[in-house]
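Numbering (my numbering), first residue to last: 91 to 690.
As C-alpha cells, this is what we get:
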C-alpha cells in the first residue's frame, strides 16, 4: 500500500513538472512570436510557481505592452515581496509609476528610498546604480550625497560620485572625485591608473580633461606638499602624454621631497630614452650623477648617460663634430674611473664605434679594442663582440684580410650561434668584395639556414644577387664593379662609391643591378641621417621595380625609417600595412605584423 501511495505521489509530481515546463515553453514561444495576449496566461501560471528574474522580466514586458498598468504594478510589488533585499525592484516600481503618469507616487517612492538609507555602503551603491541604470542621474547624485551623510566618512564613494558626475557632464567635479579618492587611501593610485585612461585621451594633443586633471593635481600638491602620491600621479600622467620634460621636472621635485636617491628620476630617464627623447634622458642621468657616488643609481646612470649619447648619435644621426668629440671625451673619463675588467667592454665597444664611424678616428678605435682584449676575460661572447667590431673597423680602413682572419676566428669559436653566423656572413662579404663570387656564394648558401632570420635573409639576398648577375663576361665585369662599389660604401667613401655605381648604369644601361644600386645609395643616405633622400630612393624601388626581389625590403626599410628615426608611427603603420597587403609571402611580413600591432 505504501508503495502505491509513493508511486501516485511520484506520478503527480511528474505531471506538475512537465505541466509547468509545458506552460513555460508556451509562454516563451508566444513571447518570442510577439503574441503577448496568448503569452500572459501562461506567464501568470509559471510566475506563481517560479518567480525568477527571467520569467518576471518577460511577464512584465508583456503586461506593459498590453497596457495592463495595474497588473504591471501588482507584478512589481509581488517581485519586491519575493526579493525585499533587492532595491532595484523598488526603483523599478517608482519608474513604472512615473511612466504611468503617477508622478506623486513615483517621487514618494524615490524619496522614501533615499530617506531610509542606512550606513550600509552596499545598499547605497546599489540604489545609486539602480537610478543610474535608468538614466536618473540627479536621483543617483542625491543618493550618494545622503550616503555620505550616513556613512560619516567611513567609506569612500568617490568612484560612484565620479561616475555620476561624468554622466551629468560635470567633468571637473568628476576629476576631483577621482583624485580625492587618494585622500582616503593613497594605495588606490594603482586603480586610478586603470580608471583614468577611460576618461582622458592621452593621445589628444589639446585635451581639456587632461588640463583639468593636471590643474587639480597641481592644486593638491600645493595644498599637501608632503603627500608624494599626487606628484607620483602627475608624473605618471605626463608619461602617458609622452611629455617627458614635464615628467622629469615633477620627478625631480618628488625626489627632493622624499628619498632623494634619484629612483623616480632614473625611471623617467629610462622611459625617455626608450621613447627616443634623448635630451630629457641625459638631463635625468646627469641629475642622478650630481647626487654623488654614494647614491644607489650613480653608476647605472653614468653608464646610461653614455649609452644615451651613443643612441642619440647612431639613431638620430643629427650631430656636430663637437658633440662627437665631447661624447668620446665623456666615454674616456668614465673608463678612467671604472675598474679595468670585463665589465668595461660594452662601454669600450660603444666608444670605439663612435670613434671609428662618426669621429674619424678608426686607428684610435682599433687601439682601444686591442687594449680591451688584454683585460681580464669577462666571457667569450663579449670578447667575440670586440673582435667583430675590430674587424668591421679594419674593413673601414681597407685592411680587409686582417678583418677576414678575425671573422674566421669568431666563426670557428661560435659556429652554431648567432654571433658566429654573423661573422661567417661578414667574412663571405670580404670574398664578395674581392670578386671571388663562387667562394662567397658557397659560404652564403650555408647561412640560408641560419637561426637568425636577419642573417639568413641577408645571406639569401646576397646569394641571389650573385646568381642573378653572373654568367656573361659583361655581367661579371659589372658585378665586379658593383662589389667594389659596395666595399667603398662600407668604407663610407660615398662619393667614390656613387660614381662607380653610376658608371655601371652608364656602361650597362639594361643591367639588372638598377634596383640594387638604388638600395645601396639609400643605405648611404640612411647612415648619414638624410632620411628624406633615403625614402625617395626606396620609393623608387617600389614604384619602378615592384616585381623585383628588393621591393618588399624597400617597403620595410621605409617603415623602419618612419618608426625608428622620424618617429612618425602613423606613416610607419601605413607602410607596414602596404607591405603585408602587397607582399604577403615576404620574409619581412612577420616582423612587419609585429611592428604594426605594436604601433596601432
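No residue lacks a Cβ here, since even glycine has one placed at the ideal position from N, Cα and C. In this text the structure is predicted, and so the values were computed from the model without any measurement.
* Asked: Given that a residue counts as buried once 16 or more other Cβ atoms are within 10 Å of its Cβ, and exposed if not, what is residue 227?
  -> buried
* Assess, as a yes-or-no matter, whether the region 589-600 is touched by the region 626-646 under the definition of 3 or more beta carbon pairs within less than 8 Å. => no
* Same chain, Cβ closer than 7 Å to residue 487, five either side skipped, listed in chain order -> Excluding residues within five positions, the ones whose Cβ falls inside 7 Å are 452.
* **Selected residue, minimal CA-CA separation from residue 522, among 556, 134 and 508** => 556
* Asked: Excluding the five sequence neighbours on either side, which residues of its own chain have a C-beta within less than 6 Å of the C-beta of residue 525, listed in chain order?
  -> 570 and 573
* Option nearest residue 150 by Cα separation, candidates 133, 140 and 139 -> 133
* Would you mind sorting residue 510 into buried or exposed? The rule is 16 or more other CB atoms within 10 Å of its CB. => buried
* Asked: If we ignore side chains and look at the alpha-carbon of each, how far apart do residue 683 and residue 668 end up?
  -> 11 Å
* Asked: Taking the Cβ atom as the reference point for each residue, do residue 356 and residue 327 lie within a distance shorter than 8 Å?
  -> no
* Asked: So, are the CB atoms of residue 449 and residue 414 less than 8 Å apart?
  -> The answer is yes: Cβ separation under 8 Å.
* Asked: Who are the near neighbours of residue 351 in its chain, counting only those whose CB is closer than 8 Å to its CB and skipping five residues on each side?
  -> 345, 381, 385, 386 and 387
* Rounded to a whole number of angstroms, what is the C-alpha to C-alpha distance between residue 126 and residue 113? -> 14 Å
* First through last residue of the alpha helix (DSSP H) which encompasses residue 400 -> 388-401
* Cutoff 7 Å; reference residue 430; Cβ partners in own chain excluding five residues on either side -> 465
* Span separating the alpha-carbon of residue 576 from that of residue 585 -> 12 Å
* What separation, rounded to the nearest whole angstrom, lies between the Cα atoms of residue 168 and residue 146? -> 10 Å
* To do: Answer yes if the region 656-663 comes into contact with the region 671-683, meaning at least three C-beta pairs across the two stretches below 8 Å, and no otherwise.
  => Judged by Cβ distances under 8 Å, the region 671-683 makes no contact with the region 656-663, as fewer than three pairs qualify.
* **Endpoints, alpha helix (DSSP H) assigned at residue 255** => 248-257
* Asked: First and last residue of the alpha helix (DSSP H) that includes residue 384?
  -> Where residue 384 is concerned, there is no enclosing alpha helix (DSSP H), given that its DSSP letter is neither H nor E.
* **Per-residue DSSP class, three states only, for residue 371** => helix
* **Classification of residue 364 by the beta-carbon crowding that lies within 10 angstroms, buried from 16 upward** => exposed
* Asked: Are the Cβ atoms of residue 358 and residue 336 separated by less than 8 Å?
  -> no
* State the DSSP-derived secondary structure class of residue 157, mapped to helix, strand or coil. => coil
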